[in-house]
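Numbering (the working numbering), first residue to last: 61 to 487.
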């Protein structure tokens, strides 16, 4: 073995092969170390990457053994081992691609994938009986059989599966996250194309090189996914604290005081306000555990419950709703906090204050418009306060609109004239 390495070092072509193998092994060892110590890596994915790395190690070693000792093995009547190495090499390539698919989080059609891997494995083992996939001649040289295309076809099917699954799993604004597995699949497919006329027979195949690089890139992609999930968890906790702060204590106390006063003057109306108050609290608390988008109709119902309670306290305030479009989804607690903000900081002190909420379609967007004739405010100053922990309601809604829908959130406000908030959600 050492003699072969020394001979390879004296041969320019051998130097290139050894250098490439060394570089690939260093990449694999680096990926193994990173995966082993990465606190964000899930156990199942850690095992899958370990398996992929071991498979690639085998794929790196197998051609060296076959090409260095293949003739000797065949002359010593040990063609069985040569055939076994080649068959296992074919099978492991499809298994590695299967593991890449599983790394994307795919759980659909597992049985179909398993059958594809099993059928490919059975066909790749037929050279022990018949030379359908490949064979070795009297000199121990490898030759492709009539079914030699099957391993390549299997790789193609798995690559197309990887691309299709990536696009289906990452939709909407997360579509860009499918770029990494798709690009990796494209490189692997190109490597398979380059290997096709060679039959995986040279000292090192293009597919092995591409799989090594893919393992490293897949790890980086997974790590970024886990970091994003961790950051999302942190933001979720912050969102809960923010949403809890939106159930303003002074509103609770004032609503209870209003109900108490109504029990003496208008018991029937007090009963209705109690019912609305209970609905308001329940909907706000339900929103704490709501990570997905909700129908805008549901958010509008919650907003109307809140505004009805406020109008009991401030009968001079008029709140209008012009709903032309209600067939889309938005983050929970999007409209209600904006109406609450308009009442509290805009129109509450005016004799003829009004707030209007309208929805409509425009230029491929679902538009939500919230207007008031309140005192207005300086948005730049409010944004600076939000960065320092104040006026977090507007910033929270804006961030969730952008992050969860890919939409936009804009504010126009004039001091003494009022405020207009425009939310646009892509169709």
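By construction, the Cβ of each residue, glycine as well, lies at the ideal position given by its N, Cα and C atoms.
Rounded to whole angstroms, what's the CA-CA distance from residue i to residue j? Just pull it up for me.
{"i": "residue 196", "j": "residue 271", "result": "27 Å"}
{"i": "residue 142", "j": "residue 202", "result": "10 Å"}
{"i": "residue 352", "j": "residue 457", "result": "14 Å"}
{"i": "residue 171", "j": "residue 213", "result": "18 Å"}
{"i": "residue 449", "j": "residue 168", "result": "Low per-residue confidence applies at residue 449: pLDDT is 46, beneath 50, and the placement is therefore not dependable enough to give any value."}
{"i": "residue 322", "j": "residue 398", "result": "27 Å"}
{"i": "residue 417", "j": "residue 228", "result": "35 Å"}
{"i": "residue 484", "j": "residue 430", "result": "12 Å"}
{"i": "residue 469", "j": "residue 401", "result": "15 Å"}
{"i": "residue 173", "j": "residue 466", "result": "34 Å"}
{"i": "residue 207", "j": "residue 192", "result": "5 Å"}
{"i": "residue 178", "j": "residue 339", "result": "56 Å"}
{"i": "residue 455", "j": "residue 328", "result": "39 Å"}
{"i": "residue 421", "j": "residue 312", "result": "35 Å"}
{"i": "residue 382", "j": "residue 280", "result": "48 Å"}
{"i": "residue 165", "j": "residue 459", "result": "27 Å"}
{"i": "residue 405", "j": "residue 396", "result": "14 Å"}
Tell me whether the beta-carbon of residue i lies closer than 8 Å to the beta-carbon of residue j.
{"i": "residue 144", "j": "residue 113", "result": "no"}
{"i": "residue 492", "j": "residue 241", "result": "The question about residue 492 has no answer, for the chain in this structure spans 61 to 487."}
{"i": "residue 388", "j": "residue 362", "result": "no"}
{"i": "residue 244", "j": "residue 266", "result": "no"}
{"i": "residue 109", "j": "residue 83", "result": "no"}
{"i": "residue 205", "j": "residue 194", "result": "yes"}
{"i": "residue 461", "j": "residue 394", "result": "yes"}
{"i": "residue 217", "j": "residue 176", "result": "yes"}
{"i": "residue 372", "j": "residue 318", "result": "yes"}
{"i": "residue 487", "j": "residue 424", "result": "yes"}
{"i": "residue 210", "j": "residue 183", "result": "yes"}
{"i": "residue 149", "j": "residue 119", "result": "yes"}
{"i": "residue 246", "j": "residue 269", "result": "no"}
{"i": "residue 157", "j": "residue 215", "result": "yes"}
Spatial neighbours of residue i within its chain, please: C-beta separation below 8 Å, excluding the five flanking residues on both sides.
{"i": "residue 336", "result": "365, 368 and 369"}
{"i": "residue 414", "result": "377, 378, 379, 380, 407, 432 and 433"}
{"i": "residue 274", "result": "160, 244, 247 and 248"}
When burial is assigned at 16 or more other CB atoms within 10 Å of the CB, is residue i buried or exposed?
{"i": "residue 161", "result": "buried"}
{"i": "residue 472", "result": "exposed"}
{"i": "residue 225", "result": "buried"}
{"i": "residue 320", "result": "exposed"}
{"i": "residue 86", "result": "exposed"}
{"i": "residue 331", "result": "exposed"}
{"i": "residue 103", "result": "exposed"}
{"i": "residue 316", "result": "exposed"}
{"i": "residue 390", "result": "buried"}
{"i": "residue 163", "result": "buried"}
{"i": "residue 342", "result": "exposed"}
{"i": "residue 344", "result": "buried"}
{"i": "residue 333", "result": "buried"}
Where do the ends of the alpha helix (DSSP H) carrying residue i lie?
{"i": "residue 367", "result": "356 to 373"}
{"i": "residue 412", "result": "Note, residue 412: premise wrong, no alpha helix (DSSP H); not H, not E."}
Residue i lies in the beta strand (DSSP E); which residues open and close that run?
{"i": "residue 171", "result": "Unbroken run through residue 171 is the alpha helix (DSSP H), 170 to 184; no beta strand (DSSP E)."}
{"i": "residue 431", "result": "425 to 432"}
{"i": "residue 379", "result": "378 to 383"}
{"i": "residue 397", "result": "Looking at the DSSP string, residue 397 is not in any beta strand (DSSP E); the run it does join, the alpha helix (DSSP H), is 395 to 402."}
{"i": "residue 479", "result": "478 to 486"}
{"i": "residue 194", "result": "194 to 196"}
{"i": "residue 203", "result": "202 to 204"}
{"i": "residue 388", "result": "Premise fails: residue 388 is in no beta strand (DSSP E) and is neither H nor E."}
{"i": "residue 469", "result": "468 to 474"}
Between which residues of its own chain and residue i is the CB-CB distance below 7 Å, once the five residues before and five after are set aside?
{"i": "residue 436", "result": "473, 474, 475, 476, 477, 478 and 479"}
{"i": "residue 181", "result": "151"}
{"i": "residue 106", "result": "95"}
{"i": "residue 482", "result": "427, 429 and 470"}
{"i": "residue 100", "result": "283, 286, 287 and 290"}
{"i": "residue 464", "result": "353 and 391"}
Only counting the same chain, and skipping five residues up and downstream in sequence, which positions put a Cβ closer than 6 Å to that of residue i?
{"i": "residue 249", "result": "219"}
{"i": "residue 185", "result": "147"}
{"i": "residue 386", "result": "356 and 357"}
{"i": "residue 403", "result": "370"}
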